[in-house]
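See below for the structure under consideration.
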Amino acid sequence: MKTDVTRQPLLPALATLLLVAAVGVARSAWAPFPAERIGEAAAPLGQFLGQMQAAAPGWSRLLAFALAAVCGVQIGRLTVRYGLYASPTCLAIPLYGFVACGVYVASDTLSTAVASWLFVRSLRNFCAAFRNGYTFNATFRAALYLGLLPLVSVAALPLPVLIVPAVFCFKRTLRECAVALFGLLLPVAATCYVGWAAGDGFLAPLEGMAAAFLTPSGYRLFDGMSPFTLAYAGLLLFLTLWSVFSFFVDFFGMGIRQRAVLCFALFALFFCGGLFAAPCATVSVLALAAVPVSVLMPLVFVRIHKTCSLTLYAALFVLFALSQSLR
Numbered sequence: 000m001k002t003d004v005t006r007q008p009l010l011p012a013l014a015t016l017l018l019v020a021a022v023g024v025a026r027s028a029w030a031p032f033p034a035e036r037i038g039e040a041a042a043p044l045g046q047f048l049g050q051m052q053a054a055a056p057g058w059s060r061l062l063a064f065a066l067a068a069v070c071g072v073q074i075g076r077l078t079v080r081y082g083l084y085a086s087p088t089c090l091a092i093p094l095y096g097f098v099a100c101g102v103y104v105a106s107d108t109l110s111t112a113v114a115s116w117l118f119v120r121s122l123r124n125f126c127a128a129f130r131n132g133y134t135f136n137a138t139f140r141a142a143l144y145l146g147l148l149p150l151v152s153v154a155a156l157p158l159p160v161l162i163v164p165a166v167f168c169f170k171r172t173l174r175e176c177a178v179a180l181f182g183l184l185l186p187v188a189a190t191c192y193v194g195w196a197a198g199d200g201f202l203a204p205l206e207g208m209a210a211a212f213l214t215p216s217g218y219r220l221f222d223g224m225s226p227f228t229l230a231y232a233g234l235l236l237f238l239t240l241w242s243v244f245s246f247f248v249d250f251f252g253m254g255i256r257q258r259a260v261l262c263f264a265l266f267a268l269f270f271c272g273g274l275f276a277a278p279c280a281t282v283s284v285l286a287l288a289a290v291p292v293s294v295l296m297p298l299v300f301v302r303i304h305k306t307c308s309l310t311l312y313a314a315l316f317v318l319f320a321l322s323q324s325l326r
């Protein structure tokens, strides 16, 4: 690995992501922390994924590991393709792993990984929709993935509201807004129709998700963390706040596309941060928050001296290793 971590090639960045994801998923299976044993209330599709994980736990965790790798690579490709930083870097790839799998890995691993993947796909399609002319296809797919999120993870119930800042950040027309609204409501409408055809009330799935969202999970932020895990989470929080500050400092020096993507990521970060205060919140929220955090956090590393960036990156590695091995 080169001394300048922002200039590291794709393969070391990918190897770091795979290592962090593999250690996090394996450790949560063999020696879970108390907070990881708190499961999330099942959403309609999340219930199916939970049954799949119960029937084949090993294969489900392997699939969750593969989805974590796919999410990290897709975020890294997005950041390089749209030139989000002052210099091209693959740093978003390992940073996704550090956030999504470094602190905690939820007991409902498969549904958490699928929810994070849907969030990444929605972000990618919103970015693809930012161009001249109509982009009905990309806009519809972005809204569709966003609408599927609450059906997989109950904690993600407020996230479809992100469609509002998305249409403003990416400057979509009223026609495209109508298409986005249709794509957003289609998964929920289909779920309600299937439930109604099965004999339930038409709004029964929505009422069930709302009740599950308001049911306390018993999880408390930072509760029961070891000193090393607390220090690791504190460093990630510090870097996240620093990245928000860096965004506002560089705001007027950014390109139009760069500003739009990072601005939407900032809105997504605020929404995901609010999910930690939701009654149903569990450690699965970390996998959702990892998407905007990994997009914004490289802003810190590309701004500072390479020695400082290497020190911070090494500190993430050391604290991750200590938090996973020592309780």
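Going by numbering that gives the first Met the number 0, the sequence shown opens with residue 0, and the numbers climb by one from there. From the three backbone atoms N, C-alpha and C, an ideal C-beta is built for every residue, glycine too.
Work out the CA separation of S225 and L325 for me, nearest whole Å.
Locating residue 325 in the sequence shown gives position 326, where the first residue counts as 1. Locating residue 225 in the sequence shown gives position 226, where the first residue counts as 1. Each residue's Cα considered, the two are about 8 Å apart.
Indicate the three-state DSSP secondary structure (helix, strand or coil) for M0 in the structure shown.
To locate residue 0, count along the sequence shown from 1; it is residue 1. Confidence in M0 is poor, its pLDDT being 45 and thus under 50, which makes the residue's placement too unreliable to answer from.
Around the C-beta of S308, are 16 or more other C-beta atoms found within 10 angstroms, so that it is buried, or is it exposed?
Your numbering for residue 308 matches position 309 in the sequence shown. That one is buried.
To the nearest angstrom, how far is it from the Cα of A67 to the Cα of A99?
On the sequence shown, position 68 is the one that residue 67 refers to. On the sequence shown, position 100 is the one that residue 99 refers to. Distance between the alpha carbons of A67 and A99 is about 8 Å.
Assuming A179 and V187 form a contact by the criterion Cβ under 8 Å, report the distance between their Cβ atoms to the nearest whole angstrom.
Translated into the one-based positions of the sequence shown, residue 179 becomes position 180. Translated into the one-based positions of the sequence shown, residue 187 becomes position 188. With 8 Å as the limit, A179 and V187 do not qualify as a contact, their Cβ atoms being about 14 Å apart.
Classify T336: buried if its beta carbon has 16 or more other beta carbons within 10 angstroms, exposed otherwise.
The displayed coordinates of the chain run from 0 to 326. Any statement about residue 336 would go beyond what the structure contains.
Output the boundary residues of the alpha helix (DSSP H) element that contains G96.
Indexing the sequence shown from 1 puts residue 96 at position 97. A91 to A99 is the extent of the alpha helix (DSSP H) around G96.
Keeping to the same chain, check which residues put their C-beta closer than 6 Å to that of L315; ignore five residues upstream and five downstream.
Sequence index remark: in the sequence shown, residue 315 carries index 316 (1-based). Cβ neighbours of L315 beyond the five flanking positions: F97.
Among V79, A21 and T108, whose alpha-carbon lies nearest the alpha-carbon of V348?
An answer regarding residue 348 cannot be provided, because it is not within the stretch 0 to 326 covered by the chain.
Pick from F139, K170, F169 and M208: whose alpha carbon is nearest that of A177?
Residue numbering aside, residue 177 sits at position 178 when the sequence shown is read from its first letter. Per the Cα distances, F139.
Check the C-beta distance from I74 over to V294 and give it rounded, since I have them as a contact under 8 Å.
As a position in the sequence shown, residue 74 is number 75, starting the count at 1. As a position in the sequence shown, residue 294 is number 295, starting the count at 1. Contact holds; Cβ gap of about 6 Å.
Going along the chain, which residues of its own chain have a beta-carbon closer than 7 Å to the beta-carbon of L145, five neighbours each way excluded?
Stepping through the sequence shown from its first residue, residue 145 is reached at position 146. Excluding residues within five positions, the ones whose Cβ falls inside 7 Å are S121, L158, P159, L161, I162 and L183.
Closest to L397 by CA distance: which of G200, F319, E206 and P204 is it?
With the chain represented from 0 up to 326, any question about residue 397 goes unanswered, as that position is not in the structure.
Beta-carbon within less than 6 Å of C168's beta-carbon, same chain only, minus the 5 sequence neighbours each way: which residues are those?
Against the sequence shown, residue 168 aligns to sequence position 169. Excluding sequence neighbours, C168 sits near A259, C262 and F263.
Output the residue ranges of the beta strand (DSSP E) runs that lie fully inside the region 232 to 306 and measure 3 residues or longer, sorted by chain position.
Fully enclosed beta strand (DSSP E) runs of 3 or longer: not present.
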